[in-house]
């Protein structure tokens, strides 16, 4: 079955309409912006540690959006369609499973990018950092969407996605916050893309140049994209979307 841009466009329009009606997903995506505004107001702009405050708020809110919300949303969207047996109807309309997945991935990716940028501006970050910020966060977003899609495929229903997502949230969102707790945790988090995203964001807003350490961070993030893609392809080949 051919991969059709026209069908992808039609699916994306459907996803946008469904997204607007899904209050649970909409509220989840608003959380990072809400937290960024609240924390910015609480900490104020006159603190001697203003730069560090902004960095910490941004790392928290972007991490929440990418590691927590985006991975959960894509898994929920896929599991929801499996629950409703929507895919069977779409296949009868000549839509392939890969086109179906692409529609889900695109809406998650686009909304997540908008939230990342909105969070950036809600904290009052300097626009000169926006380009590199988008590059860093987008790379990690790819890997988390892939991991979320795997969860969606293996989950029999939406409720199960919450259970399967918890280890992902703990590993990629919570554990990096405890990187300095002990050497064992530090060694583990140094292998995670979310940790390297946090490090690179901090370097960026401190005005530090991207040297060898940043190259290593990008390499680890790219490795996660490839590993997650291979894991997704394997899971999809074994389970498909209709099981």
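Residue numbers (the UniProt record's numbering): 1 to 243.
Positions of the beta carbon are idealized from the N, C-alpha and C atoms, including for glycine.
On a predicted model such as this, the values are computed, not experimentally measured, just so you know.
Considering only residues of the same chain and omitting the five flanking positions on each side of residue i, which have a CB-CB separation below 8 Å?
i	result
residue 222	139
residue 105	74, 145 and 149
residue 119	32, 33, 36, 58, 61, 62 and 65
residue 154	164, 235 and 239
residue 9	none
Rounded to a whole number of angstroms, what is the C-alpha to C-alpha distance between residue i and residue j?
i	j	result
residue 224	residue 113	19 Å
residue 232	residue 49	42 Å
residue 1	residue 15	Low confidence applies to residue 1: its pLDDT is 47, below 50, so where it sits in the model is not reliable, and the reading given next is rough at best. One C-alpha to the other measures close to 21 Å.
residue 37	residue 51	16 Å
residue 131	residue 152	31 Å
residue 204	residue 71	25 Å
residue 23	residue 215	40 Å
residue 237	residue 43	49 Å
residue 230	residue 28	28 Å
residue 26	residue 115	11 Å
residue 55	residue 39	12 Å
residue 187	residue 180	10 Å
residue 80	residue 41	37 Å
residue 6	residue 77	21 Å
Could you round the C-beta distance between residue i and residue j to whole angstroms and report it? I think they count as a contact, below 8 Å.
i	j	result
residue 219	residue 143	Incorrect: roughly 13 Å between the Cβ atoms, too far for contact.
residue 182	residue 59	That belief does not hold up - the Cβ atoms of residue 182 and residue 59 are roughly 21 Å apart, past 8 Å.
residue 201	residue 136	6 Å
residue 169	residue 68	5 Å
residue 109	residue 241	Not quite, the Cβ-Cβ distance comes to about 19 Å (not below 8 Å), so this is no contact.
Identify, in the order they occur along the chain, each residue of the same chain with its Cβ nearer than 7 Å to the Cβ of residue i, setting aside the five sequence neighbours on each side.
i	result
residue 107	12, 15, 16 and 19
residue 83	157 and 158
Considering just the uninterrupted stretch of the alpha helix (DSSP H) at residue i, what are its terminal residues?
i	result
residue 222	212 to 239
residue 207	First-last for residue 207: undefined, no H or E at that position.
Suppose only complete runs of 3+ residues qualify. What are the beta strand (DSSP E) ranges in the segment 116 to 193, listed by chain order? Segments of the beta strand (DSSP E) lying fully in the segment 116 to 193: there are none.
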